[in-house]
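Chains A and B are the protein sequences, given in the same order.
Under my numbering, the first residue of the first sequence carries the number 7, and numbering increases by one thereafter.
Under my numbering, the first residue of the second sequence carries the number 14, and numbering increases by one thereafter.
Read the structure below first, then the notes.
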Amino acid sequence: MTARFESRAGAELNASRHSFDVLILGAGPAGLAAACCAAESGQKVGVVDDNPDWGGQIWRRDRAKPSGKKASRWMERIRSIAFEFLPSTQIISQLHPGSLLAEQEGHPRELNYQQLIVATGARERFLPFPGWTLPNVMGAGGLQALVKGGLPIEGKRVAIAGTGPLLLAVAGYLHKQGADIRLIAEQTSKKLLWRFGMSLWKHPGKAIEATGLRLQLRQVPYRAGVWPIGAEGDKQLTSVTFTNGKTTWSMPCDYLACGFGLVPNTELPALLGCARTAKGVHVDEMQRSSVPAVYCAGETTGIGGLDLALIEGQIAGFAATGRDRKARALFPARKRAEAFARRLEEAFVLRDELRQLPVPETLVCRCEDVPFAKLKPYSSWTEAKLQTRCGMGTCQGRICGPATEFLFGWQLQSVRPPLFPTNLVNLAGVSPEPVDA
Amino acid sequence: MPSSIAVTINGRPTEVSEGCTVAAAVMLTSGSCFRLSVTGQPRGPLCGMGVCFECRVTIDGQPQQRSCQTLCREGMCIVTACDTGN
């Protein structure tokens, strides 16, 4: 079935065609760093992103107003290089090695490449708890993205919960925008957090960043060993219940921004056949995946943060344009950034109690509204999918997959096209309207 | 000051600033419920980055559009499945 539509699409594609020496998927820091290095070689570079503009989640607003010296330098560098940017473009499937089918604002696009760099980044991990599907319960990065997209947050009561350094970064941003941040609830223990803080002397830049954020947020309570156990409200959120394992308390709020770490977006590389490990796409020292001519960089290869993403992106950009010596020069910097990533991973490990959050009625799959009780009898992701439709809705398991991985230890299996919902005409490669070549 | 864009949300004309996403515009005008789930529960944006599909609305007659990934454009007509007002 799958093979048939792919060959049909390949044969009769009426999509506009774009060909690149180096095609980069993802216009976040890793993808843009790769683009900078690849474009220096004079080769034809294309960058695709499903967002309406480049920057990714981190640099979404830095285009207009860089948040610091480092971001500002990168913005200048990005603006100075020649690459073709395809915004609002989503990869739907692979036509054949070296060619992808994409959709841009409803129209099919055929993207051909000699070398491919996948830098599709990460998404937040969401864990189900009673009330988590209520409007105004969002991801930590989710609320930040909405505010960056124009949602006024001034004077709104916000609770921030979950785990990881993203919580502090989001709190810092929302605080600047005038939000009334009631609590930052970090689920990891005080002990682990303390140990992490102490290890920062090896990464002075990070220590300064963290201290700066804490100073800025000195009036906001930041509590370790605290996590949300319920969100209450009728049509939307009105309050959140927290616990520290001993006592529970409720807090009225307008928004709950809650994310339990990040999960790499590996669906696309998996579709291309790239081998994955538990951390992300497997790459060699040159950021090469197991598939010829396909490189991966940034969070896609494992969660490591901005600095590691920028270094991996540059290595991939150099390597994909045959400049291994320049790539190698960045290996020591990558090693340092990897050490920091490991510290993060150890510090913000998810506590067991979070597995006890869902009650039988708590929905785990939000697309198909599958409650926890319905999933419990099954022993694998595939079995649960077949019997309950969990993971078979519009998001294709991108939200409930990582949740069930944590709750039940289920491993997600194969990835099938289309990667994102698209019109049937696009799958057949025929546009409903004439398209410009 | 960014220039303003006129859009219609659930029949109500609204002005938003340039660069505003449809998701932000909807929250400003019609509240936090964007769609009803398969069992009829109210839902609003979750991930803010095009992954979860919770923020789907109808834009210029096209259903199932992710409002967080779409920028407001002059004259855009946006319809949500539920309107809780603001």
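Each residue gets a CB set at the ideal place from its N, CA and C atoms; glycine is no exception.
On a predicted model such as this, the values are computed, not experimentally measured, just so you know.
Contact check for leucine 418 (chain A) against serine 99 (chain A) fails: the beta carbons are separated by 9 Å or more. With contact defined as three or more Cβ pairs closer than 8 Å, the region 335–342 of chain A and the region 30–42 of chain A are not in contact. Boundaries cannot be given for alanine 434 (chain A), as no beta strand (DSSP E) includes it and DSSP labels it neither H nor E.
When C-beta distances to chain A are compared with 8 Å, the residues of the region 38–54 of chain B below that value are Ala38, Met40, Leu41, Gly44, Ser45, Cys46, Phe47, Ser50, Val51, Thr52, Gln54, in chain order.
Contact between methionine 89 (chain B) and glutamine 63 (chain A) is absent: CB atoms are separated by about 24 Å, not below the 8 Å threshold. Fewer than three beta-carbon pairs drawn from the region 83–93 of chain A and the region 251–266 of chain A are found closer than 8 Å, and the two stretches are therefore not classed as touching.
In the structure shown, aspartate 186 (chain A) adopts extended strand secondary structure according to DSSP, grouped into three states. The C-alpha of glutamate 90 (chain A) lies about 14 Å from the C-alpha of glycine 61 (chain A).
Judged by their CB atoms, arginine 349 (chain A) and serine 205 (chain A) are nearer to each other than the 9 Å cut-off. The region 150–160 of chain A makes no contact with the region 114–128 of chain A; the number of CB pairs closer than 8 Å stays below 3.
Of all residues in the region 415–438 of chain A, the ones placed with a Cβ closer than 9 Å to any Cβ belonging to chain B are Phe426, Pro427, in chain order. Our two residues, glycine 170 (chain A) and leucine 199 (chain A), have alpha carbons roughly 10 Å apart in a direct line. Contact annotation for glycine 88 (chain B) against chain A: no contact, minimum CB-CB distance about 16 Å [criterion: below 8 Å]. Three or more Cβ pairs closer than 8 Å define a contact, and the region 111–118 of chain A falls short of that threshold against the region 37–47 of chain B.
Judged by DSSP in its simplified three-state form, tyrosine 301 (chain A) adopts strand.
Residue environment: threonine 272 (chain A) is assigned as buried (16 or more neighbouring CB atoms within 10 Å of its CB, all protein chains considered). Per DSSP, the continuous beta strand (DSSP E) segment holding proline 258 (chain A) begins and ends at 254–258. Taken in chain order, the whole beta strand (DSSP E) runs of length 3 or more contained in the region 39–85 of chain A are 51–54. Here the alpha carbons of arginine 404 (chain A) and threonine 394 (chain A) stand approximately 16 Å from one another.
At least 9 Å separates the CB of lysine 380 (chain A) from every CB of chain B.
Scanning chain A for C-beta atoms nearer than 9 Å to the C-beta of threonine 34 (chain B) yields Pro58, Ala151, Leu152, Lys154, Gly155, Gly156, Leu157, reported in chain order. Per DSSP, valine 421 (chain A) is not a residue of any beta strand (DSSP E), being assigned neither H nor E.
Along the length of the region 373–430 of chain A, whole alpha helix (DSSP H) runs at least 4 residues long occupy 378–381, 387–394, 406–414, reported in chain order.
The Cβ atoms of leucine 381 (chain A) and aspartate 375 (chain A) do not sit closer than 9 Å to each other.
In the DSSP assignment, serine 99 (chain A) falls within the unbroken beta strand (DSSP E) covering 95–102. Between alanine 333 (chain A) and phenylalanine 346 (chain A), the gap from beta carbon to beta carbon reaches 9 Å or more.
Exclusion of the five residues before and after glutamate 367 (chain A) leaves Pro377 as the residues of its chain whose Cβ lies within less than 6 Å of its Cβ. In the three-state scheme derived from DSSP, where H, G and I count as helix and E and B as strand, alanine 125 (chain A) is classed as coil.
Against chain B, the CB of isoleucine 98 (chain A) has no partner CB under 9 Å away; the residue lies outside that interface.
The straight-line gap separating the alpha-carbon atoms of cysteine 33 (chain B) and glycine 236 (chain A) is approximately 31 Å. Annotation for valine 355 (chain A): no alpha helix (DSSP H) segment contains it, and DSSP assigns it neither H nor E.
The Cβ atoms of alanine 36 (chain A) and aspartate 59 (chain A) lie no closer than 9 Å to each other. In the displayed model, cysteine 33 (chain B) falls within coil according to three-state DSSP, outside both helix and strand. Residue pairing for threonine 247 (chain A): DSSP places it in a beta bridge opposite A:Gly236, A:Ser256. Under the DSSP assignment, glutamine 362 (chain A) falls outside any beta strand (DSSP E); it carries neither an H nor an E label. The beta carbon of proline 270 (chain A) sits closer than 6 Å to the beta carbons of Ala128, Gly286, Glu305, Thr306 from its chain, once the five residues preceding and following it are set aside; these are given in chain order.
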